[in-house]
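Each residue of the sequence shown is one higher than the last, beginning at 238 in this note's numbering.
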Amino acid sequence: MEHFAFLRDEVIQRIEEIGRADILVGIPSYNNAGTIAHVVSTAAEGMTRYFPDFKAVVVNSDGGSPDGTMEVASKAPVPSGVEKIVTQYVGPSGKGSAFRTIFAIAKALGVKVCVVVDSDLRSIAPWWIERLAGPIVKGLCDYVAPYYIRHKYDATITNNICYPMTRALYGLDIRQPIGGDFGISPQLLENYLGKPVWESDVARYGIDIWMTTTAVCEGAKVCQAHLGVKIHDVKDPAITLGPMFRQVVGTLFSLMSLYEEHWKGVTETHSTPFYGEPLKQEPEPVKVTLSAMIEKLRKGLEELEELWSSILAAENLAEVKRIASLPEADYAFPAELWAKVVYDFAVAYNKRGACRRLEASPEEIITAMTPLYYGRTAGLVVESRDLDSATFEEQVVQRQARIFEQLKPYLLNRW
238 MEHFAFLRDE VIQRIEEIGR ADILVGIPSY NNAGTIAHVV STAAEGMTRY
288 FPDFKAVVVN SDGGSPDGTM EVASKAPVPS GVEKIVTQYV GPSGKGSAFR
338 TIFAIAKALG VKVCVVVDSD LRSIAPWWIE RLAGPIVKGL CDYVAPYYIR
388 HKYDATITNN ICYPMTRALY GLDIRQPIGG DFGISPQLLE NYLGKPVWES
438 DVARYGIDIW MTTTAVCEGA KVCQAHLGVK IHDVKDPAIT LGPMFRQVVG
488 TLFSLMSLYE EHWKGVTETH STPFYGEPLK QEPEPVKVTL SAMIEKLRKG
538 LEELEELWSS ILAAENLAEV KRIASLPEAD YAFPAELWAK VVYDFAVAYN
588 KRGACRRLEA SPEEIITAMT PLYYGRTAGL VVESRDLDSA TFEEQVVQRQ
638 ARIFEQLKPY LLNRW
(Lines of atoms letter the chains of each structure in order from A and count residues from 1; the text may use other names and numbers.)
(Lines give C-alpha, C1' and ligand atoms only; values in the text may rest on other atoms or scores of the structure.)
Protein backbone atom coordinates (compact mmCIF):
# COMPACT_ATOMS: atom_id res chain seq x y z
CA MET A 1 0.00 0.00 0.00
CA GLU A 2 1.25 3.47 -0.90
CA HIS A 3 2.26 5.54 2.18
CA PHE A 4 1.35 2.71 4.52
CA ALA A 5 4.58 0.89 5.39
CA PHE A 6 4.08 2.24 8.94
CA LEU A 7 0.75 0.45 9.45
CA ARG A 8 0.80 -2.72 11.53
CA ASP A 9 -0.05 -6.01 9.82
CA GLU A 10 -3.25 -6.44 11.83
CA VAL A 11 -4.43 -2.98 10.72
CA ILE A 12 -3.81 -3.81 7.06
CA GLN A 13 -5.78 -7.00 7.63
CA ARG A 14 -8.69 -5.03 9.11
CA ILE A 15 -8.60 -2.60 6.18
CA GLU A 16 -8.85 -5.54 3.79
CA GLU A 17 -11.74 -7.02 5.79
CA ILE A 18 -13.67 -3.74 5.78
CA GLY A 19 -12.88 -3.01 2.13
CA ARG A 20 -14.34 0.47 1.70
CA ALA A 21 -15.96 3.09 3.91
CA ASP A 22 -17.61 6.48 3.51
CA ILE A 23 -16.90 8.18 6.83
CA LEU A 24 -14.20 7.64 9.43
CA VAL A 25 -13.73 9.21 12.85
CA GLY A 26 -10.21 8.94 14.24
CA ILE A 27 -9.33 9.36 17.91
CA PRO A 28 -5.67 9.78 18.93
CA SER A 29 -4.95 8.76 22.52
CA TYR A 30 -2.42 8.33 25.28
CA ASN A 31 -3.52 7.41 28.81
CA ASN A 32 -7.18 8.33 28.24
CA ALA A 33 -8.82 5.22 29.70
CA GLY A 34 -11.22 7.39 31.70
CA THR A 35 -12.72 9.20 28.70
CA ILE A 36 -12.05 7.16 25.55
CA ALA A 37 -15.13 4.89 25.74
CA HIS A 38 -17.48 7.89 25.78
CA VAL A 39 -15.70 9.45 22.79
CA VAL A 40 -15.69 6.19 20.76
CA SER A 41 -19.37 5.45 21.43
CA THR A 42 -20.52 9.04 20.84
CA ALA A 43 -18.56 9.38 17.59
CA ALA A 44 -19.97 6.09 16.30
CA GLU A 45 -23.51 7.14 17.23
CA GLY A 46 -23.00 10.48 15.46
CA MET A 47 -21.97 8.74 12.25
CA THR A 48 -24.98 6.40 12.20
CA ARG A 49 -27.48 9.08 13.23
CA TYR A 50 -26.44 11.81 10.80
CA PHE A 51 -25.01 9.72 7.96
CA PRO A 52 -27.23 6.60 8.04
CA ASP A 53 -26.41 5.59 4.46
CA PHE A 54 -22.66 5.81 4.98
CA LYS A 55 -20.44 2.89 5.90
CA ALA A 56 -18.81 4.09 9.12
CA VAL A 57 -15.49 3.30 10.80
CA VAL A 58 -14.09 4.52 14.12
CA VAL A 59 -10.33 4.31 14.67
CA ASN A 60 -8.42 4.61 17.95
CA SER A 61 -4.75 5.37 17.25
CA ASP A 62 -2.92 5.00 20.56
CA GLY A 63 0.59 5.79 21.74
CA GLY A 64 1.07 2.63 23.79
CA SER A 65 -0.89 3.74 26.86
CA PRO A 66 -0.02 1.79 30.02
CA ASP A 67 -3.44 2.60 31.55
CA GLY A 68 -5.45 0.28 29.30
CA THR A 69 -6.84 2.91 26.92
CA MET A 70 -6.80 0.52 23.96
CA GLU A 71 -8.64 -2.20 25.89
CA VAL A 72 -11.31 0.29 26.95
CA ALA A 73 -11.66 1.55 23.36
CA SER A 74 -11.95 -2.02 22.07
CA LYS A 75 -14.82 -2.75 24.46
CA ALA A 76 -16.67 0.56 23.96
CA PRO A 77 -20.14 -0.16 22.52
CA VAL A 78 -20.90 1.11 19.01
CA PRO A 79 -24.08 0.82 16.92
CA SER A 80 -24.52 -2.19 14.69
CA GLY A 81 -22.72 -1.81 11.38
CA VAL A 82 -20.00 0.54 12.64
CA GLU A 83 -16.55 -0.96 12.14
CA LYS A 84 -13.82 -0.37 14.71
CA ILE A 85 -10.03 -0.41 14.42
CA VAL A 86 -7.92 -0.05 17.57
CA THR A 87 -4.17 0.09 17.08
CA GLN A 88 -0.91 1.34 18.52
CA TYR A 89 0.61 3.68 15.96
CA VAL A 90 4.17 3.40 14.65
CA GLY A 91 6.47 6.47 14.61
CA PRO A 92 7.70 9.19 16.96
CA SER A 93 5.59 9.45 20.12
CA GLY A 94 2.97 12.11 19.61
CA LYS A 95 -0.40 13.20 18.34
CA GLY A 96 0.83 13.75 14.79
CA SER A 97 1.97 10.14 14.47
CA ALA A 98 -1.46 9.06 15.71
CA PHE A 99 -3.07 11.25 13.02
CA ARG A 100 -0.82 9.84 10.32
CA THR A 101 -2.10 6.33 11.04
CA ILE A 102 -5.72 7.59 11.05
CA PHE A 103 -5.20 9.41 7.74
CA ALA A 104 -3.60 6.35 6.13
CA ILE A 105 -6.50 4.11 7.17
CA ALA A 106 -9.00 6.69 5.88
CA LYS A 107 -7.21 6.93 2.54
CA ALA A 108 -6.93 3.15 2.18
CA LEU A 109 -10.68 2.82 2.80
CA GLY A 110 -11.49 5.56 0.26
CA VAL A 111 -13.62 7.64 2.64
CA LYS A 112 -15.57 10.72 1.58
CA VAL A 113 -14.74 12.48 4.83
CA CYS A 114 -12.39 11.98 7.78
CA VAL A 115 -13.05 13.50 11.21
CA VAL A 116 -10.59 13.59 14.11
CA VAL A 117 -11.61 14.29 17.71
CA ASP A 118 -9.67 14.45 20.96
CA SER A 119 -9.77 11.46 23.31
CA ASP A 120 -10.23 13.51 26.50
CA LEU A 121 -13.50 15.15 25.42
CA ARG A 122 -16.35 15.12 27.90
CA SER A 123 -18.56 17.54 25.95
CA ILE A 124 -18.63 15.64 22.65
CA ALA A 125 -22.15 14.87 21.42
CA PRO A 126 -23.33 12.95 18.34
CA TRP A 127 -24.17 16.20 16.53
CA TRP A 128 -20.49 17.23 16.67
CA ILE A 129 -19.84 14.62 13.96
CA GLU A 130 -22.40 16.23 11.67
CA ARG A 131 -20.92 19.68 12.28
CA LEU A 132 -17.38 18.48 11.47
CA ALA A 133 -18.24 16.17 8.55
CA GLY A 134 -21.33 17.85 7.06
CA PRO A 135 -19.59 20.77 5.32
CA ILE A 136 -17.26 18.37 3.51
CA VAL A 137 -19.98 15.88 2.55
CA LYS A 138 -22.03 18.80 1.19
CA GLY A 139 -19.06 20.14 -0.79
CA LEU A 140 -18.94 23.42 1.14
CA CYS A 141 -15.29 23.18 2.16
CA ASP A 142 -12.20 20.97 2.41
CA TYR A 143 -11.20 21.63 6.02
CA VAL A 144 -13.45 22.19 9.02
CA ALA A 145 -11.90 23.85 12.05
CA PRO A 146 -13.73 23.82 15.40
CA TYR A 147 -15.26 26.90 16.99
CA TYR A 148 -15.77 26.44 20.71
CA ILE A 149 -16.96 28.41 23.66
CA ARG A 150 -13.96 28.21 26.01
CA HIS A 151 -13.08 29.67 29.38
CA LYS A 152 -10.87 32.74 29.10
CA TYR A 153 -7.89 30.91 30.65
CA ASP A 154 -8.23 27.79 28.51
CA ALA A 155 -6.31 27.72 25.21
CA THR A 156 -3.57 30.21 26.15
CA ILE A 157 -1.27 29.10 23.30
CA THR A 158 -4.15 29.63 20.87
CA ASN A 159 -5.12 33.03 22.25
CA ASN A 160 -1.58 34.41 22.57
CA ILE A 161 0.17 32.96 19.51
CA CYS A 162 -1.62 30.62 17.11
CA TYR A 163 -4.76 32.70 16.57
CA PRO A 164 -3.15 36.13 16.19
CA MET A 165 -0.23 34.77 14.13
CA THR A 166 -2.44 32.75 11.75
CA ARG A 167 -4.64 35.78 11.25
CA ALA A 168 -1.82 38.32 10.79
CA LEU A 169 0.38 36.10 8.61
CA TYR A 170 -2.11 34.34 6.38
CA GLY A 171 -5.08 36.69 6.44
CA LEU A 172 -7.73 34.23 7.54
CA ASP A 173 -9.68 34.61 10.78
CA ILE A 174 -9.66 31.03 12.12
CA ARG A 175 -10.39 31.30 15.83
CA GLN A 176 -9.22 27.80 16.88
CA PRO A 177 -6.39 26.80 14.52
CA ILE A 178 -5.12 24.16 16.98
CA GLY A 179 -8.47 23.05 18.37
CA GLY A 180 -7.91 19.30 18.03
CA ASP A 181 -11.25 18.42 16.42
CA PHE A 182 -11.34 18.72 12.62
CA GLY A 183 -13.05 17.58 9.44
CA ILE A 184 -10.82 16.77 6.45
CA SER A 185 -11.61 16.06 2.80
CA PRO A 186 -10.02 13.08 1.01
CA GLN A 187 -8.05 15.44 -1.24
CA LEU A 188 -6.53 17.19 1.78
CA LEU A 189 -5.79 13.84 3.45
CA GLU A 190 -3.76 12.85 0.41
CA ASN A 191 -1.91 16.17 0.52
CA TYR A 192 -1.06 15.68 4.22
CA LEU A 193 0.13 12.09 3.82
CA GLY A 194 2.47 13.06 1.00
CA LYS A 195 4.37 15.69 3.00
CA PRO A 196 7.88 14.83 4.34
CA VAL A 197 7.11 16.02 7.87
CA TRP A 198 6.36 12.91 9.86
CA GLU A 199 9.66 12.73 11.77
CA SER A 200 9.49 16.39 12.85
CA ASP A 201 7.47 18.15 15.59
CA VAL A 202 4.49 17.78 13.22
CA ALA A 203 4.46 14.17 14.47
CA ARG A 204 3.91 15.53 17.98
CA TYR A 205 1.89 18.54 19.15
CA GLY A 206 2.78 20.53 16.02
CA ILE A 207 0.21 18.60 14.00
CA ASP A 208 -2.80 20.90 14.46
CA ILE A 209 -1.12 24.18 13.47
CA TRP A 210 0.57 22.38 10.57
CA MET A 211 -2.75 21.00 9.28
CA THR A 212 -4.45 24.39 9.48
CA THR A 213 -1.58 26.35 7.93
CA THR A 214 -1.11 23.81 5.13
CA ALA A 215 -4.84 23.94 4.35
CA VAL A 216 -4.85 27.75 4.26
CA CYS A 217 -1.65 28.17 2.23
CA GLU A 218 -2.36 25.43 -0.29
CA GLY A 219 -5.77 26.67 -1.33
CA ALA A 220 -8.16 24.48 0.65
CA LYS A 221 -11.55 25.99 1.44
CA VAL A 222 -11.82 26.40 5.21
CA CYS A 223 -14.87 26.79 7.43
CA GLN A 224 -15.54 26.76 11.18
CA ALA A 225 -18.07 24.52 12.92
CA HIS A 226 -19.97 25.79 15.96
CA LEU A 227 -19.43 23.10 18.63
CA GLY A 228 -20.45 24.88 21.82
CA VAL A 229 -18.44 24.38 24.99
CA LYS A 230 -15.30 22.25 24.90
CA ILE A 231 -14.97 20.34 28.16
CA HIS A 232 -11.78 18.32 28.34
CA ASP A 233 -8.86 17.62 30.66
CA VAL A 234 -7.69 21.21 31.06
CA LYS A 235 -4.18 21.88 32.34
CA ASP A 236 -2.90 24.85 34.33
CA PRO A 237 -0.72 26.71 31.80
CA ALA A 238 1.79 27.63 34.52
CA ILE A 239 2.58 23.98 35.15
CA THR A 240 2.09 21.78 32.11
CA LEU A 241 2.22 23.51 28.74
CA GLY A 242 6.00 23.76 28.16
CA PRO A 243 6.58 20.85 25.72
CA MET A 244 3.38 21.58 23.82
CA PHE A 245 4.39 25.23 23.52
CA ARG A 246 7.79 24.34 22.08
CA GLN A 247 6.40 21.91 19.51
CA VAL A 248 3.47 24.08 18.40
CA VAL A 249 5.44 27.32 18.14
CA GLY A 250 8.44 25.61 16.54
CA THR A 251 6.14 24.23 13.85
CA LEU A 252 4.39 27.58 13.36
CA PHE A 253 7.74 29.36 12.96
CA SER A 254 9.11 26.68 10.58
CA LEU A 255 6.08 27.12 8.34
CA MET A 256 6.87 30.84 8.03
CA SER A 257 9.93 29.97 5.93
CA LEU A 258 8.05 27.41 3.87
CA TYR A 259 5.19 29.79 3.07
CA GLU A 260 7.17 33.05 3.13
CA GLU A 261 5.99 34.23 -0.28
CA HIS A 262 2.39 33.62 0.76
CA TRP A 263 2.33 35.58 4.03
CA LYS A 264 4.51 38.47 2.89
CA GLY A 265 1.87 39.45 0.35
CA VAL A 266 -1.09 39.28 2.76
CA THR A 267 -2.33 42.74 3.77
CA GLU A 268 -5.88 42.12 4.95
CA THR A 269 -7.83 39.55 6.91
CA HIS A 270 -10.87 37.69 5.62
CA SER A 271 -13.55 36.10 7.75
CA THR A 272 -14.00 32.32 7.67
CA PRO A 273 -17.58 31.05 7.17
CA PHE A 274 -19.39 29.23 9.96
CA TYR A 275 -21.38 26.02 9.81
CA GLY A 276 -24.21 25.30 12.23
CA GLU A 277 -26.06 27.48 14.71
CA PRO A 278 -24.07 29.10 17.53
CA LEU A 279 -24.85 27.90 21.05
CA LYS A 280 -25.26 29.81 24.28
CA GLN A 281 -23.35 27.90 26.95
CA GLU A 282 -21.01 28.65 29.84
CA PRO A 283 -17.60 26.94 29.99
CA GLU A 284 -16.10 25.41 33.12
CA PRO A 285 -13.63 27.69 34.93
CA VAL A 286 -9.92 27.02 34.44
CA LYS A 287 -7.49 27.46 37.31
CA VAL A 288 -4.34 29.51 36.71
CA THR A 289 -1.42 30.25 39.03
CA LEU A 290 -0.50 33.88 38.40
CA SER A 291 2.48 34.03 40.76
CA ALA A 292 4.03 30.92 39.19
CA MET A 293 3.83 32.43 35.70
CA ILE A 294 5.40 35.73 36.79
CA GLU A 295 8.15 33.80 38.56
CA LYS A 296 8.89 31.88 35.35
CA LEU A 297 9.41 35.19 33.55
CA ARG A 298 11.77 36.46 36.26
CA LYS A 299 13.74 33.23 36.33
CA GLY A 300 13.93 33.30 32.55
CA LEU A 301 15.43 36.79 32.66
CA GLU A 302 18.05 35.63 35.17
CA GLU A 303 19.08 32.63 33.09
CA LEU A 304 18.49 33.82 29.53
CA GLU A 305 19.19 37.56 29.42
CA GLU A 306 22.27 37.10 27.24
CA LEU A 307 20.37 34.99 24.70
CA TRP A 308 17.37 37.31 24.82
CA SER A 309 19.70 40.23 24.02
CA SER A 310 20.66 38.44 20.78
CA ILE A 311 17.01 37.90 19.79
CA LEU A 312 14.96 40.83 21.06
CA ALA A 313 15.24 44.38 19.79
CA ALA A 314 17.00 46.44 22.47
CA GLU A 315 13.90 48.46 23.38
CA ASN A 316 11.83 45.28 23.72
CA LEU A 317 14.39 43.68 26.05
CA ALA A 318 14.49 46.84 28.17
CA GLU A 319 10.71 46.73 28.50
CA VAL A 320 10.76 43.02 29.44
CA LYS A 321 13.33 43.78 32.17
CA ARG A 322 11.12 46.56 33.52
CA ILE A 323 8.08 44.28 33.59
CA ALA A 324 9.98 41.48 35.34
CA SER A 325 10.88 43.88 38.16
CA LEU A 326 7.25 44.87 38.83
CA PRO A 327 5.54 43.66 42.01
CA GLU A 328 2.62 41.32 41.32
CA ALA A 329 0.10 44.00 42.32
CA ASP A 330 1.34 46.28 39.50
CA TYR A 331 2.08 43.58 36.93
CA ALA A 332 1.21 44.19 33.27
CA PHE A 333 2.62 42.75 30.03
CA PRO A 334 1.11 44.75 27.13
CA ALA A 335 -0.11 43.05 23.97
CA GLU A 336 1.92 45.50 21.84
CA LEU A 337 5.16 44.35 23.44
CA TRP A 338 4.10 40.71 23.16
CA ALA A 339 3.48 40.98 19.40
CA LYS A 340 6.97 42.44 18.92
CA VAL A 341 8.49 39.70 21.11
CA VAL A 342 6.81 36.99 19.03
CA TYR A 343 7.96 38.63 15.80
CA ASP A 344 11.53 39.01 17.15
CA PHE A 345 11.62 35.31 18.00
CA ALA A 346 10.10 34.32 14.65
CA VAL A 347 12.89 36.22 12.88
CA ALA A 348 15.59 34.72 15.11
CA TYR A 349 14.24 31.20 14.55
CA ASN A 350 14.17 31.55 10.78
CA LYS A 351 17.13 33.89 10.23
CA ARG A 352 19.65 32.66 12.78
CA GLY A 353 22.62 33.67 10.63
CA ALA A 354 21.39 37.25 10.47
CA CYS A 355 20.96 37.71 14.24
CA ARG A 356 23.81 39.27 16.15
CA ARG A 357 25.93 36.78 18.14
CA LEU A 358 23.18 34.19 17.86
CA GLU A 359 24.52 30.65 17.92
CA ALA A 360 21.48 29.03 19.49
CA SER A 361 19.70 26.11 17.84
CA PRO A 362 16.05 26.44 16.79
CA GLU A 363 15.08 24.34 19.83
CA GLU A 364 17.04 26.62 22.17
CA ILE A 365 15.39 29.69 20.67
CA ILE A 366 11.88 28.31 21.25
CA THR A 367 12.80 27.17 24.77
CA ALA A 368 14.10 30.68 25.49
CA MET A 369 10.75 32.11 24.39
CA THR A 370 8.77 30.01 26.86
CA PRO A 371 9.28 32.26 29.95
CA LEU A 372 8.14 35.25 27.90
CA TYR A 373 5.00 33.33 26.92
CA TYR A 374 4.32 32.78 30.62
CA GLY A 375 4.92 36.48 31.17
CA ARG A 376 2.33 37.46 28.57
CA THR A 377 -0.13 34.82 29.81
CA ALA A 378 0.19 36.35 33.29
CA GLY A 379 -0.49 39.75 31.73
CA LEU A 380 -3.57 38.39 30.00
CA VAL A 381 -4.85 37.04 33.34
CA VAL A 382 -4.33 40.43 35.00
CA GLU A 383 -6.05 42.29 32.14
CA SER A 384 -9.09 40.05 32.24
CA ARG A 385 -9.64 39.40 35.95
CA ASP A 386 -13.05 41.04 36.01
CA LEU A 387 -14.18 40.20 32.47
CA ASP A 388 -16.72 37.61 31.43
CA SER A 389 -15.85 35.37 28.49
CA ALA A 390 -17.61 37.49 25.84
CA THR A 391 -15.96 40.73 26.98
CA PHE A 392 -12.61 38.96 27.25
CA GLU A 393 -12.98 37.79 23.65
CA GLU A 394 -13.45 41.30 22.31
CA GLN A 395 -11.33 43.41 24.67
CA VAL A 396 -8.37 41.05 25.01
CA VAL A 397 -8.21 38.36 22.30
CA GLN A 398 -9.58 40.33 19.34
CA ARG A 399 -7.71 43.49 20.33
CA GLN A 400 -4.46 41.52 20.56
CA ALA A 401 -5.06 39.95 17.13
CA ARG A 402 -5.58 43.41 15.62
CA ILE A 403 -2.30 44.53 17.20
CA PHE A 404 -0.47 41.63 15.55
CA GLU A 405 -1.96 42.74 12.21
CA GLN A 406 -1.02 46.39 12.79
CA LEU A 407 2.56 45.44 13.68
CA LYS A 408 3.09 43.16 10.67
CA PRO A 409 5.29 45.86 9.04
CA TYR A 410 7.57 45.50 12.09
CA LEU A 411 7.94 41.79 11.25
CA LEU A 412 8.55 42.50 7.56
CA ASN A 413 11.22 45.08 8.39
CA ARG A 414 13.05 42.70 10.73
CA TRP A 415 12.67 39.72 8.38
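A virtual CB, placed ideally from N, CA and C, is assigned to each residue, including glycine. Keep in mind that this is a model prediction, so the values were computed, not measured.
Considering just the uninterrupted stretch of the beta strand (DSSP E) at Val352, what are its terminal residues? 350-353
Indicate whether Thr488 and Trp435 have their beta-carbon atoms separated by less than 9 Å. no
With Lys312 as the anchor, note down where its alpha helix (DSSP H) starts and where it stops. 306-312
Taking the beta strand (DSSP E) that Tyr380 belongs to, which residues open and close that run? 380-386
What did DSSP end up calling Asn396 once you bin it into helix, strand or coil? helix
With DSSP as the reference, please indicate the residues paired to Asn297 in a beta bridge. Ile264, Val323
Looking at the unbroken beta strand (DSSP E) that takes in His653, where does it start and where does it end? Nothing in the structure corresponds to residue 653, since the chain is present only between 238 and 652.
Looking at C-alpha atoms only, which residue of Leu624, Ala343, Lys375 is the closest neighbour of Glu253? Ala343
Unbroken beta strand (DSSP E) run spanning Gly331, endpoints: Counting along the chain, Gly331 falls outside any beta strand (DSSP E), and DSSP gives it neither H nor E.
What does Ile444 pair with, by DSSP beta-bridge criteria? In the DSSP output, where bridge partners are listed per residue, Ile444 has none listed.
Just to confirm my understanding: we take Asn553, look at its own chain, exclude 5 residues before and 5 after, and list those with CB closer than 8 Å. What are they? Leu574, Lys577, Val578, Asp581
My understanding is that Ile366 touches Val466, with C-beta atoms under 8 Å, so please give their C-beta distance in whole angstroms. Incorrect: roughly 17 Å between the Cβ atoms, too far for contact.
Beta-carbon gap between Thr604 and Lys533 smaller than 9 Å: no
Look at Ala462 and Asp379 and say whether their C-beta atoms are less than 9 Å apart. no
If I follow the unbroken beta strand (DSSP E) through Gly431, where does it start and stop? First-last for Gly431: undefined, no H or E at that position.
Verify whether the separation of the beta carbon atoms of Val486 and Ile548 is less than 9 Å. no
Taking the alpha helix (DSSP H) that Phe490 belongs to, which residues open and close that run? 479-495
For Phe511, which residues in the same chain have their Cβ closer than 8 Å to its Cβ, ignoring the five residues on either side in sequence? Tyr384, Cys460, Gln461, Ala462, His463
Is the distance from the Cβ of Asn297 to the Cβ of Lys312 below 9 Å? no
For Glu308 and Thr338, the rounded distance between their alpha carbons: 18 Å
Using DSSP's beta-bridge definition, name the partner residues of Ser508. Asp410
Who are Ile421's beta bridge partners in DSSP? Cys351, Tyr380
With distances taken from CA atoms, which of Val315, Ser317, Phe291, Gln325 is nearest Ile249? Gln325
Quick one, are the C-beta atoms of Asp438 and Pro414 less than 9 Å apart? no
Answer yes or no: do Ile411 and Tyr400 have a C-beta to C-beta separation smaller than 9 Å? yes
Which residue's Cα is closest to the Cα of Ala258: Thr306, Gly347, Ala270? Gly347
Contact defined as beta carbons within less than 8 Å: I believe Arg368 pairs with Ile468. What is the distance between those atoms, to the nearest angstrom? The pair is not a contact, with the Cβ atoms about 16 Å apart (cut-off 8 Å).
Using only the alpha-carbon positions, how far apart do Ser356 and Ala638 sit? 30 Å
Express the C-alpha separation of Met402 and Val618 in angstroms, rounding to a whole number. 20 Å
With a cut-off of 8 Å on the beta carbons, I'd call Val354 and Phe336 a contact; round off their distance for me. Rounded, the Cβ-Cβ distance is 11 Å, inconsistent with contact.
Can at least three beta-carbon pairs, one atom from the segment 494-502 and one from the segment 620-635, be found at a separation below 8 Å? no
Have a look at Gly612 and Tyr442 and give me their C-alpha separation to the nearest angstrom. 22 Å
Assuming Ala270 contacts Gly318 (C-beta within less than 8 Å), just tell me the rounded distance between them. Their Cβ separation, rounded to whole angstroms, is 26 Å, which puts Ala270 and Gly318 out of contact at 8 Å.
So, under 8 Å CB-CB, Phe340 and Leu426 are touching, yes? Tell me the CB distance rounded to an integer number of Å. 5 Å
Sorted by chain position, which residues of the same chain lie with C-beta nearer than 8 Å to Leu563's C-beta, five sequence neighbours on each side aside? Ala569
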